[in-house]
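K.L.:
Protein chains in written order, with the working numbering: chain A, 1 to 666; chain B, 1 to 140.
Backbone N, C-alpha and C define an ideal beta-carbon position, used for all residues, glycine too.
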Amino acid sequence: MEPKIGVYICHCGSNIAGIVDCSKVTEFARSLPNVAVARDYKYMCSDPGQNLIKEDIKKLGLNRVVVASCSPRMHEPTFRRACQDAGLNQYLFEMANIREQCSWVHLDKDMATEKAKALVSAAVHRVALHEPLETKEVAMNPCTLVIGGGVAGIQAALEIADSGHKVYLLEKEPSIGGHMAMFDKTFPTLDCAACILTPKMTSVGQNRNIELLAYSELVELSGYIGNFKAKIRKKARYINAVKCTGCGRCSELCPTSLPNEFDCGLGQRKAIYISSPYAVPNKAIIDAKNCRHIKGLADGKDICRLCQKGIEKKGMPGCEADAIDFNQKDEIIEIEIGNIIVATGFQQFDPAKIYQLGYGRLNNVVTGLEFERLTNASGPTGGKVLLKDGSEPKSIAILHCIGSRDTNYHKYCSRVCCMYSLKFAHLLREKLPEASVYQLYIDMRCAGSGYEEFYERLQEEGVNFIRGKAGEVTDLTETPEEKGKLMVMVEDTLVRRKRRLPVDMVILSCALEPRPDTEQLARILTLSRKADGFFLEKHPKLDPVATTTDGVYVVGCCQSPKDIPDTVAQASAAAARVLALISMGKVEIEAAIAFIDEEKCSGCKICLDLCPYKAISFDEAKKVSRVNEALCKGCGTCVAACPSGAIKGRHFTTEEIMAEIEGVLA
Amino acid sequence: MTFEPKIVGILCNWCSYTGADLAGTARKKYLPNVRIVRVMCSGRVEPTFILKAFEQGADGVLVCGCHPGDCHYQDGNKKTARRMPLLKKMLAQFGIEDERVRLEWVSASEGDRFAAIVNEMTEQVRKLGPFSGNGGAANG
């Protein structure tokens, strides 16, 4: 059948028409081969715009459609649907990107118009060769993998599990809870973090639909939306989790004390321990690197084992549940899931990188997270804000934007620091009413429900606000009054004066930054990352939880720094997306995949090694290669490499791409 | 009149094409000489595509893919990188100057980088002059 092409040029208001002369492009399109009709319209994506296409298909009998408008990443699905509605196979459509890649990036109107013509010509040449393709439907596995057991992962897991579907919740630490479990209060309502989070953590532990894989990591992923296979390493806890009752006796017996990670190293834990007072699962774990017995085993010695044996002299029996297993090994398990929600969170910026702030060198310079533990009733000081020497501070400076809004470290604003700094100030005023509290800020950013009101409240609570970024924290004092104090150097930009601020304690409100394993995880999941290192969402506004890998969603601080309300909202949004797919029960998979012409295949097997998905198998009887359509993702690497030209990359055939190149240069 | 080279840009869908879109969304301005053809993966780029472009009158060809390790299809870009030296050898035999063909890695977040590459390459090809198909001897 002769191609009969309709070409539609979109003005996109003035977005395109402001730079590209759309009527000239339309006129040009009419002159191209096989073009039956060419029109321009203000907004092609609007209903009337789409109706233009539908009516032309029906009335003029078009069998190919080209729309020149925005990026196909924006509206290709819209126009494909419009074609399909009018009875035209969706693959008989092609888009020319004359907005993102033309009108928005060029200033010279004539040259932009010429470029737009070339792009339209390319699309017209290409579409003439398009073939109708049928998409395939595959079953949707109703199980979901949630990676990360912080508040984001917990929320997503609970929402999906509560609808009756199975969730695997993967957490690399011994307990779920994430950063939020370490916090004392949450802004601006001052709810106790543990009070609102621990019920959710317990629900996760009790929910029959959630299989909690704590102390485990994702090592490999294969498959595609609806049908992923994940390999997970369950790291050895050296504890039989079924037998362990979480009584904690083993910790009392263990002679080895170490800094406690949950308290940011400010408190102590044993080599066999339960990671936090509200750990879920509430099971002990052995720190193999520091356990005397496990270290001894490497040298063939049987030492310690007090946790197992007990101390008879003192009348302290060892583990009565017989849960300790020094010979436990890492285990690799394989699970099958349909969707994946990534909720891996953030890490706190290390302020030791900014030498002049004294962190790690000077006593009583602490990070925000350390302060959370200091002020937390379950923390190392029982919630008393104390200096290293055990006394109460009389003056405290809270330094904003440490590592954020700083071209040397992170350009972005971490969004939560202003608010948590205000929260700290409030807690300090409450606990130490006599102490002076200073906030050293660049700008106060308090956007959120009840946030500005909280800021105003703090101004009334007698907190000193100094507009200026601290340049240095030092213990070099100049006067007897300053002796023993930490001196904070700051330029008060409101009164244009340099100040030396003597304080007892400095709290550094550190940036939220991507976790160091983000890159590795991005590779396993084939996700993209933004320039700042956080995971890239599919669309910043209209698709903020989906990613370029279908069936994989990103939520919470692994996508960008955000507060708890936004994190929870995003987690719920991703859960809703997953549930929608589960309720459909099936998913359409891309039809633009490889196909091998057995007549032409010489059986050289070059393609077999090239395929990253092992989607090509070799038929030994016929001596030809064959593509597994469910596994092929349509990258086209095999197509480019086949020396016999036997592999066809559907929708990206050599002929189609050649025609596009010809068209773009015509 | 200054010579305006025609350059064909063959970009992978996931990183580079998205990066080029980002340059647009951010209204980053660059020279209009590169016309983009989209492929799903830079690993799909056949050497003949590049020869075809020159045969059809292109003055340069820019191939962009994801950064090594970031390929949406695991390692298609590595295959592109491996094919490139062979292709360049062949181009030399066709009398196509080395600078007329470039392989660059542009991530989905590197709109600025894409714009800079386009500007740089346009100027580079402008200096070389039009591709004549006779080894560049006559420069047009």
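Could you tell me if residue 201 of chain A is buried or exposed, where buried requires 16 or more neighbouring beta carbons within 10 angstroms of its beta carbon?
P.N.:
Sequence index remark: in the first sequence, residue 201 of chain A carries index 201 (1-based). The residue in question, residue 201 of chain A, is buried, as its Cβ has 16 or more Cβ neighbours within 10 Å.
K.L.:
What residues in its chain sit with their C-beta under 6 Å from that of residue 589 of chain A, if we drop five residues either side in the sequence?
P.N.:
Indexing the first sequence from 1 puts residue 589 of chain A at position 589. Cβ within range, chain order: 136 and 138.
K.L.:
Could you check whether the Cβ of residue 660 of chain A sits closer than 9 Å to any Cβ belonging to chain B?
P.N.:
Taking the first sequence and counting its residues from 1, one reaches residue 660 of chain A at position 660. Judged by the 9 Å Cβ criterion, residue 660 of chain A is in contact with chain B.
K.L.:
My output table needs one value for residue 255 of chain A: the three-state DSSP class, helix, strand or coil.
P.N.:
Here residue 255 of chain A is taken as the residue at index 255 of the first sequence, counted from 1. Residue 255 of chain A: coil per DSSP, three-state reduction.
K.L.:
Taking DSSP as the reference, what is the three-state secondary structure of residue 735 of chain A?
P.N.:
This structure leaves residue 735 of chain A out entirely; chain A is present only between 1 and 666.
K.L.:
Rounded C-beta distance between residue 340 of chain A and residue 147 of chain A? I'm assuming under 8 Å.
P.N.:
Against the first sequence, residue 340 of chain A aligns to sequence position 340. Against the first sequence, residue 147 of chain A aligns to sequence position 147. Right, their Cβ atoms sit about 7 Å apart.
K.L.:
DSSP on residue 137 of chain A, reduced to helix/strand/coil?
P.N.:
In the first sequence, the residue the question calls residue 137 of chain A occupies position 137. Here residue 137 of chain A sits in strand by DSSP.
K.L.:
Suppose only complete runs of 3+ residues qualify. What are the beta strand (DSSP E) ranges in the segment 206-288 of chain A, listed by chain order?
P.N.:
Here the runs fully enclosed are 210-214, 216-224, 227-234, 257-259 and 268-270.
K.L.:
Determine the chain B residues that contact residue 118 of chain A at a beta-carbon separation under 7 Å, and present them in chain order.
P.N.:
Position 118 of the first sequence, counted from the first residue, corresponds to residue 118 of chain A. Here the neighbours are 35.
K.L.:
Roughly how far, in whole angstroms, is the beta-carbon of residue 205 of chain A from the beta-carbon of residue 281 of chain A, given that I think they are within contact range, below 8 Å?
P.N.:
In the first sequence, counting from the first residue as 1, residue 205 of chain A sits at position 205. In the first sequence, counting from the first residue as 1, residue 281 of chain A sits at position 281. With a Cβ gap of about 6 Å, residue 205 of chain A and residue 281 of chain A count as contacting.
K.L.:
Which two residues bound the contiguous alpha helix (DSSP H) that contains residue 49 of chain A?
P.N.:
Numbered from 1 along the first sequence, position 49 holds the residue referred to as residue 49 of chain A. Segment 47-60, the alpha helix (DSSP H) holding residue 49 of chain A.
K.L.:
When you compare only the Cα positions, how much space is there between residue 137 of chain B and residue 70 of chain A?
P.N.:
Here residue 137 of chain B is taken as the residue at index 137 of the second sequence, counted from 1. Here residue 70 of chain A is taken as the residue at index 70 of the first sequence, counted from 1. Interpretation of residue 137 of chain B is limited by its pLDDT of 44, a score under 50 that renders its predicted location unreliable; the figure taken from the coordinates is listed afterwards. Taking the straight line from one Cα to the other gives about 41 Å.
K.L.:
Do you know offhand how far residue 562 of chain A's Cα is from residue 534 of chain A's?
P.N.:
Counted from its first residue, the first sequence places residue 562 of chain A at position 562. Counted from its first residue, the first sequence places residue 534 of chain A at position 534. The straight-line gap from Cα to Cα measures roughly 12 Å.
K.L.:
Using a Cβ-Cβ cutoff of 7 Å, what residues of the segment 23-49 of chain B are near chain A? List them in chain order.
P.N.:
Answer in chain order: 23, 24, 25, 27, 28, 29, 30, 32, 35, 36, 37, 39, 40, 41, 43, 44, 45, 46 and 49.
K.L.:
I need the straight-line Cα distance from residue 4 of chain B to residue 171 of chain A, nearest angstrom please.
P.N.:
Counting from 1 along the second sequence, the entry for residue 4 of chain B is found at position 4. Counting from 1 along the first sequence, the entry for residue 171 of chain A is found at position 171. Whole-angstrom Cα-Cα distance: 56 Å.
K.L.:
If the cut is a Cβ gap below 8 Å, which residues of chain A does residue 144 of chain B touch?
P.N.:
Given a span of 1 to 140 for chain B in the structure shown, any question on residue 144 of chain B remains unanswerable.
K.L.:
Along the alpha helix (DSSP H) that carries residue 40 of chain B, what are the first and last residues, could you check?
P.N.:
Numbered from its first residue, the second sequence carries residue 40 of chain B at position 40. Per DSSP, residue 40 of chain B belongs to no alpha helix (DSSP H) and is neither H nor E.
K.L.:
Could you pull out every residue in the same chain whose Cβ sits closer than 6 Å to the Cβ of residue 378 of chain A, ignoring the five residues on either side in sequence?
P.N.:
Locating residue 378 of chain A in the first sequence gives position 378, where the first residue counts as 1. Around residue 378 of chain A: 277.
K.L.:
Residue range of the alpha helix (DSSP H) that residue 654 of chain A falls in?
P.N.:
Here residue 654 of chain A refers to the residue found at position 654 when the first sequence is read from its first residue. Note, residue 654 of chain A: alpha helix (DSSP H), 654-665.
K.L.:
Consider the Cβ of residue 71 of chain A: report whether some Cβ of chain B lies at a distance smaller than 9 Å.
P.N.:
Counting from 1 along the first sequence, the entry for residue 71 of chain A is found at position 71. Yes, residue 71 of chain A lies at the interface with chain B (some Cβ there is under 9 Å from its Cβ).
K.L.:
Give the interface partners of residue 629 of chain A over in chain B, defined as CB-CB distance under 9 Å, in chain order.
P.N.:
On the first sequence, residue 629 of chain A is found 629 positions in, with the first residue counted as 1. Near residue 629 of chain A there are no residues of chain B at all, since even the closest Cβ is about 16 Å away, more than 9 Å.
K.L.:
Taking Cβ positions only, does residue 32 of chain A come closer than 9 Å to chain B?
P.N.:
In the first sequence, residue 32 of chain A corresponds to position 32, counting from 1. It does not; no Cβ of chain B falls within 9 Å.
K.L.:
By DSSP's criteria, residue 445 of chain A is part of a beta bridge. Which residues make up the other side?
P.N.:
Sequence index remark: in the first sequence, residue 445 of chain A carries index 445 (1-based). Looking at the DSSP assignment, residue 445 of chain A forms no beta bridge with any residue, so it has no partner.
K.L.:
Is there a Cβ from chain A that is less than 9 Å from the Cβ of residue 70 of chain B?
P.N.:
Translated into positions along the second sequence, residue 70 of chain B becomes position 70. Judged by the 9 Å Cβ criterion, residue 70 of chain B is in contact with chain A.
K.L.:
Please state whether the Cβ-Cβ distance between residue 27 of chain A and residue 38 of chain A is less than 9 Å.
P.N.:
Counted from its first residue, the first sequence places residue 27 of chain A at position 27. Counted from its first residue, the first sequence places residue 38 of chain A at position 38. Yes, the pair counts as a contact, with Cβ atoms nearer than the cut-off.
K.L.:
Taking the DSSP output, what are the residues bridged to residue 588 of chain A?
P.N.:
The sequence position of residue 588 of chain A within the first sequence is 588, counting from 1. According to DSSP, which records beta bridges pairwise, residue 588 of chain A is partnered with A:137.
K.L.:
Starting from residue 451 of chain A, follow its DSSP beta bridges and name the residues at the other end.
P.N.:
What you label residue 451 of chain A is simply residue 451 of the first sequence in a count that begins at 1. Per DSSP, none; premise fails for residue 451 of chain A.
K.L.:
Tell me whether the beta-carbon of residue 304 of chain A lies closer than 9 Å to the beta-carbon of residue 318 of chain A.
P.N.:
Start at 1 with the first residue of the first sequence, and residue 304 of chain A comes out as number 304. Start at 1 with the first residue of the first sequence, and residue 318 of chain A comes out as number 318. Cβ distance not < 9 Å, so residue 304 of chain A and residue 318 of chain A don't count as in contact.
K.L.:
Go ahead and pull the three-state DSSP assignment for residue 346 of chain A.
P.N.:
Start at 1 with the first residue of the first sequence, and residue 346 of chain A comes out as number 346. Residue 346 of chain A falls in the strand class under three-state DSSP.
K.L.:
Using a Cβ-Cβ cut-off of 9 Å, state whether residue 496 of chain A counts as contacting chain B.
P.N.:
Here the question's residue 496 of chain A lines up with position 496 in the first sequence. It does not: the Cβ of residue 496 of chain A has no partner Cβ on chain B nearer than 9 Å.
K.L.:
What residue does the beta strand (DSSP E) around residue 400 of chain A start on, and which one ends it?
P.N.:
What you label residue 400 of chain A is simply residue 400 of the first sequence in a count that begins at 1. That run of the beta strand (DSSP E) goes 395-402.
K.L.:
Let me confirm a value: residue 32 of chain B is counted as buried when at least 16 other C-beta atoms fall within 10 Å, else exposed. Which label applies?
P.N.:
For this step, residue 32 of chain B is matched to residue 32 along the second sequence. Under this definition residue 32 of chain B is a buried residue.
K.L.:
Taking 9 Å as the cut-off, decide whether the C-beta atoms of residue 226 of chain A and residue 545 of chain A are in contact.
P.N.:
To locate residue 226 of chain A, count along the first sequence from 1; it is residue 226. To locate residue 545 of chain A, count along the first sequence from 1; it is residue 545. Cβ distance not < 9 Å, so residue 226 of chain A and residue 545 of chain A don't count as in contact.
K.L.:
What does residue 523 of chain A reach in chain B if we use C-beta pairs closer than 7 Å?
P.N.:
Here residue 523 of chain A refers to the residue found at position 523 when the first sequence is read from its first residue. By Cβ distance, chain B contributes 69.
K.L.:
Please report the straight-line C-alpha distance between residue 135 of chain B and residue 556 of chain A, rounded to a whole angstrom.
P.N.:
For the purposes of this step, residue 135 of chain B is identified with residue 135 of the second sequence, where counting begins at 1. For the purposes of this step, residue 556 of chain A is identified with residue 556 of the first sequence, where counting begins at 1. For residue 135 of chain B, the predicted model reports a pLDDT of 47, less than 50, meaning its position is unreliable; a value from the coordinates is still stated below. In a straight line, the C-alpha of residue 135 of chain B is about 56 Å away from that of residue 556 of chain A.
K.L.:
Is residue 414 of chain A near residue 508 of chain A, with beta carbons less than 9 Å apart?
P.N.:
Residue numbering aside, residue 414 of chain A sits at position 414 when the first sequence is read from its first letter. Residue numbering aside, residue 508 of chain A sits at position 508 when the first sequence is read from its first letter. No; because the gap between Cβ atoms is not below 9 Å, this pair is not in contact.
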